[in-house]
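Enquirer: Line by line, the protein sequences give chains A and B.
Residue numbers for the first sequence follow this note's numbering, beginning at 1 and rising by one.
Residue numbers for the second sequence follow this note's numbering, beginning at 1 and rising by one.
Yeah, the Cβ is synthetic: ideal placement off N, Cα and C, and Gly gets one too.
Every value quoted in this text rests on a predicted model; they were computed, and no experiment measured them.
Would you mind keeping the following structure in view while I ask a few things?
There are 2 protein chains.
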Amino acid sequence: MKNIDLSAEHDITARAIKSFAQTPNERLRFLLQKLVTHLHSFASEVQLSEAEWFQAIQFLTATGQICDDVVRQEFILLSDVLGLSMLVDAIEHRTSGEATQSTVFGPFYIAGMPDREYGENMALEPGSPSLITGYVRDESGKPLAGAMLDVWQTAENGQYSGQDTAQPHGNLRGRYHTDEQGRYAIRSIVPVSYPIPTDGPVGSLLDACLRHPWRPAHLHFMIDAPGHRRLVTHLFNDDDPYIESDAVFGVKDSLLVTYEPRPAGHSLAEQFGIDEDFRAVSFDFVLERSA
Amino acid sequence: MKNIDLSAEHDITARAIKSFAQTPNERLRFLLQKLVTHLHSFASEVQLSEAEWFQAIQFLTATGQICDDVVRQEFILLSDVLGLSMLVDAIEHRTSGEATQSTVFGPFYIAGMPDREYGENMALEPGSPSLITGYVRDESGKPLAGAMLDVWQTAENGQYSGQDTAQPHGNLRGRYHTDEQGRYAIRSIVPVSYPIPTDGPVGSLLDACLRHPWRPAHLHFMIDAPGHRRLVTHLFNDDDPYIESDAVFGVKDSLLVTYEPRPAGHSLAEQFGIDEDFRAVSFDFVLERSA
């Protein structure tokens, strides 16, 4: 083993940090100088080889090239499986004890989906029926009229409409609104667990690490109400086998719900015109006041 | 300011690290667990916001999408301007005091370029003539016959053939070989400084940071000889205005050379059939023995 002179390495890091010193935007300067610091610290600690560096270059290039403008966002997936998305979520959405916790946004949201009536069925194809009801409240417990719940979930084949172009437009997506009493009601189907896309670089990565690609069954919510902070979250089926090992680390205990079996003759069935056995969830969302 | 509970953040990092624990390849497991550690440590230290995270997602996506299979490799450029490429080079190519220092490979190498005779002119279009001569030696000073010098540089418009499709095939590229005395001789034109491509995400980044995109004039070498480690390096024109501020941090003092003016009648001119004033460089490369 030779006597190794590390001064060259330290010198490169110092020069790269200094090169950003004239950045006019102070926050950007801070971010880039810290990025260089941590990136170089990673490469030095692991003594990254040129072959490994080049594999990383090829991996990142392929990750960019599989993205499309519609539903495939492989860099978000990469961020998700590295736990970065949930970390950023935790940094951004530090909630008080009362407010509903947030979780990852995910890459499958589509804006501009149909407005839905109170209790309208957003499942445009057959499936195991469900009913999700509850209130949107503020932190003092007061129900919020005029809140909007933008909701999305996969079909029973594990794919979202848009991603799966065979599904009708707007299937299992829609914007619900609370009524004057602050109540919402969503008719849908029971969510299923599904794998994140595995035919790209992120799938290969999980494969090489013997990590499964499954997400536990969940229903996505993005909830807005005047004067309150937007809430992006999921409700997770508490009996899902992947609850403990979500591929994207999105599960929080407070977001687990039970889909309770209800017979066709149940009072709720009558109220919402459901003519078969179904499963019901009751959950109240609590929004924080805007800063 | 609220009392902030950081336990959620620490918990996410721990879970993400643990998720890679079953990776069969030990080196890959180490790299990914350290990557998660440093990436999360960066995001936590700077308290990365969702908006900033999403800007990064968009930046990386665009960086992948501007790459092509021929000469555009924007992720290498990104690695270059962050100083990562030179850091990896320093880690990989720790040389003893005697051997010639290495520098970045860059994204513009093309394999399979023409073999050139001793002293052949690789400039297929007019320009300011140059002659580069010297020995390839081992660490004891012994000249090495049978060494190959794969050489490339830009034309006077600052573009490489291949990148600039208007240039003839193989212009300012070629594979030279040392003769029986271990000598090489390259006729070419004097290199010029040039900007790295600025029409992509990396150009926008430099712009936002008031960093210029220029590289000081240089001639690329990749040198192979039996029994010796490959050397990838440049020779830099020592009078270039960007010597102190190379956009990719590639300059090392030991790689500076002077292009000395020589009159048309000089003895070298006669030897190599140069019929005008030219500039001459003499440089000996020293290769390390293979491990």
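Is the beta carbon of Arg215/B closer than 9 Å to that of Ile196/B?
Expert: Counted from its first residue, the second sequence places residue 196/B at position 196. Counted from its first residue, the second sequence places residue 215/B at position 215. Going by C-beta atoms, Ile196/B is nearer than 9 Å to Arg215/B.
Enquirer: Using 9 Å as the threshold, is the C-beta distance between Val88/B and Gly162/B below it?
Expert: The residue given as residue 88/B occupies position 88 in the second sequence. The residue given as residue 162/B occupies position 162 in the second sequence. Not closer than 9 Å, so no.
Enquirer: For Ala21/B, count neighbouring Cβ atoms within 10 angstroms of its own Cβ and tell me buried if that reaches 16, exposed if not.
Expert: To locate residue 21/B, count along the second sequence from 1; it is residue 21. Label assigned to Ala21/B: exposed.
Enquirer: Inspect the beta-carbon positions of Arg279/A and Ala247/A and report whether they are closer than 9 Å.
Expert: As a first step, residue 279/A is located in the first sequence; it is residue number 279 there, counting from the start. As a first step, residue 247/A is located in the first sequence; it is residue number 247 there, counting from the start. Against a cut-off of 9 Å, the Cβ pair of Ala247/A and Arg279/A comes out as no contact.
Enquirer: Is the separation between the beta-carbon of Glu156/A and that of Ser130/A shorter than 9 Å?
Expert: For this step, residue 156/A is matched to residue 156 along the first sequence. For this step, residue 130/A is matched to residue 130 along the first sequence. Cβ distance not < 9 Å, so Glu156/A and Ser130/A don't count as in contact.
Enquirer: Smallest Cα separation from Gly182/A: which of Gly203/A, Gly141/A, Gly64/A?
Expert: Translated into the one-based positions of the first sequence, residue 182/A becomes position 182. Restricting attention to Gly203/A, Gly141/A, Gly64/A, the CA atom closest to the CA of Gly182/A is found in Gly141/A.
Enquirer: Tell me which residues share the same chain as Ser245/B and place their Cβ nearer than 8 Å to its Cβ, disregarding the 5 neighbours each side in the sequence.
Expert: Here the question's residue 245/B lines up with position 245 in the second sequence. Taken in chain order, the residues that qualify are His212, Trp214.
Enquirer: How is the beta strand (DSSP E) around Ile223/A delimited, first residue to last?
Expert: By one-based count along the first sequence, residue 223/A stands at place 223. Per DSSP, Ile223/A belongs to the beta strand (DSSP E) from 218-224.
Enquirer: Using a Cβ cut-off of 8 Å, pull out every chain B residue sitting near Pro263/A, in sequence order please.
Expert: On the first sequence, residue 263/A is found 263 positions in, with the first residue counted as 1. Correct list: empty, because the minimum Cβ distance to chain B is about 39 Å.
Enquirer: To the nearest angstrom, report how far apart Phe105/B and Thr233/B are at their CA atoms.
Expert: Residue numbering aside, residue 105/B sits at position 105 when the second sequence is read from its first letter. Residue numbering aside, residue 233/B sits at position 233 when the second sequence is read from its first letter. So the two alpha carbons sit approximately 7 Å from each other.
Enquirer: Would you list, in chain order, the members of the stretch 128-150 of chain B that have their beta-carbon closer than 8 Å to a beta-carbon of chain A?
Expert: Cβ contacts with chain A come from no residue of the stretch 128-150 of chain B.
Enquirer: Tell me, please, whether the CB atom of Phe42/B is closer than 9 Å to any CB atom in chain A?
Expert: Within the second sequence, numbered from 1, the residue matching residue 42/B stands at position 42. By this cut-off, Phe42/B is an interface position.
Enquirer: Just list the beta strand (DSSP E) runs in the stretch 153-181 of chain A, keeping only unbroken ones of 3 residues or longer that don't cross its boundaries, in chain order.
Expert: Scanning the stretch 153-181 of chain A for uninterrupted beta strand (DSSP E) segments of 3 residues or longer gives 173-177, listed from N- to C-terminal end.
Enquirer: Return the chain-ordered list of same chain residues with a C-beta closer than 6 Å to the C-beta of Asp224/A, the five sequence neighbours on each side being excluded.
Expert: Residue 224/A sits at position 224 when you count from the first residue of the first sequence. Met148, Arg230.
Enquirer: According to the neighbour-count rule (16 or more other Cβ atoms, all chains shown, within 10 Å of its Cβ), is Ala90/A buried or exposed?
Expert: Walking along the first sequence from the start, residue 90/A turns up at place 90. Classification of Ala90/A: buried, given that the 10 Å Cβ count is 16 or more.
Enquirer: Quick check: Glu120/B and Ile186/B, are their CB atoms within less than 9 Å of each other?
Expert: For the purposes of this step, residue 120/B is taken as the residue at position 120 of the second sequence. For the purposes of this step, residue 186/B is taken as the residue at position 186 of the second sequence. Yes, these two residues count as a Cβ contact at 9 Å.
Enquirer: On the DSSP bridge assignment, give the partners of Gly134/B in chain order.
Expert: Taking the second sequence and counting its residues from 1, one reaches residue 134/B at position 134. Tyr184/B, per the DSSP bridge assignment.
Enquirer: Starting from His312/B, find everything on chain A with Cβ-Cβ shorter than 8 Å and list it in chain order.
Expert: Residue 312/B is absent from the structure shown; chain B starts at 1 and stops at 291.
Enquirer: For the alpha helix (DSSP H) holding Pro263/A, just list the boundary residues, first then last.
Expert: Locating residue 263/A in the first sequence gives position 263, counting from the first residue. Neither: Pro263/A is in no alpha helix (DSSP H) and is coded neither H nor E.
Enquirer: Identify, in the order they occur along the chain, each residue of the same chain with its Cβ nearer than 6 Å to the Cβ of His254/B, setting aside the five sequence neighbours on each side.
Expert: As a position in the second sequence, residue 254/B is number 254, starting the count at 1. Sequence check: residue 254/B is Ser here, not His. Closer than 6 Å at the Cβ level, and outside the excluded window around Ser254/B, lie Gln101.
Enquirer: Quick one: which chain B residues come within Cβ less than 9 Å of Asn25/A?
Expert: As a first step, residue 25/A must be located in the first sequence, where it is residue number 25. Within 9 Å Cβ-Cβ: Ala208, Cys209.
Enquirer: Following the continuous alpha helix (DSSP H) through Val36/A, name the residue where it begins and the one where it ends.
Expert: In the first sequence, the residue the question calls residue 36/A occupies position 36. Per DSSP, Val36/A belongs to the alpha helix (DSSP H) from 26-46.
Enquirer: What first and last residue would you give for the alpha helix (DSSP H) that runs through Val248/A?
Expert: The residue labelled residue 248/A in the question sits at position 248 within the first sequence. Taken as a continuous stretch (DSSP letters only), Val248/A belongs to no alpha helix (DSSP H), as it is neither H nor E.
Enquirer: Assign Asp150/A to buried or exposed, taking buried as 16 or more other Cβ atoms, counted over all protein chains shown, within 10 Å of its Cβ.
Expert: Reading the first sequence from its first residue, position 150 is the one you call residue 150/A. Buried is the call here.
Enquirer: How is Thr233/B classed by DSSP in three states: helix, strand or coil?
Expert: Numbered from 1 along the second sequence, position 233 holds the residue referred to as residue 233/B. Note: Thr233/B maps to strand in three-state DSSP.
Enquirer: Name the two residues that bound the continuous alpha helix (DSSP H) containing Phe59/A.
Expert: Within the first sequence, numbered from 1, the residue matching residue 59/A stands at position 59. Segment 50-65, the alpha helix (DSSP H) holding Phe59/A.
Enquirer: Going by other Cβ atoms of all chains shown within 10 Å of its Cβ, with 16 needed for buried, is Val286/B buried or exposed?
Expert: Taking the first residue of the second sequence as position 1, residue 286/B is located at position 286. Buried, by the Cβ-count rule.
Enquirer: Just to make sure I have the definition right: I need the residues of chain B whose C-beta is within less than 7 Å of the C-beta of Arg15/A. Which are they?
Expert: Against the first sequence, residue 15/A aligns to sequence position 15. Ordered by position in chain B, the residues that pass the 7 Å Cβ test against Arg15/A are Gly83, Phe249.
Enquirer: Please report the distance separating the alpha-carbon of Ser19/B from that of Glu74/A.
Expert: Taking the second sequence and counting its residues from 1, one reaches residue 19/B at position 19. Taking the first sequence and counting its residues from 1, one reaches residue 74/A at position 74. So the two alpha carbons sit approximately 19 Å from each other.
Enquirer: Classify Asp138/A as buried or exposed, calling it buried when 16 or more other Cβ atoms lie within 10 Å of its own Cβ.
Expert: Within the first sequence, the letter at position 138 stands for residue 138/A. Buried, by the Cβ-count rule.
Enquirer: Judging by CA-CA distance, which residue of Lys252/A, His40/A, Tyr176/A, Val192/A is the nearest neighbour of Phe221/A?
Expert: If you number the first sequence from 1, residue 221/A lands on position 221. Closest by C-alpha distance to Phe221/A, out of Lys252/A, His40/A, Tyr176/A, Val192/A, is Tyr176/A.
Enquirer: Measure the alpha-carbon distance for Ile12/B versus Tyr184/B and round it to whole angstroms.
Expert: On the second sequence, position 12 is the one that residue 12/B refers to. On the second sequence, position 184 is the one that residue 184/B refers to. Going by the C-alpha atoms only, they are around 58 Å apart.
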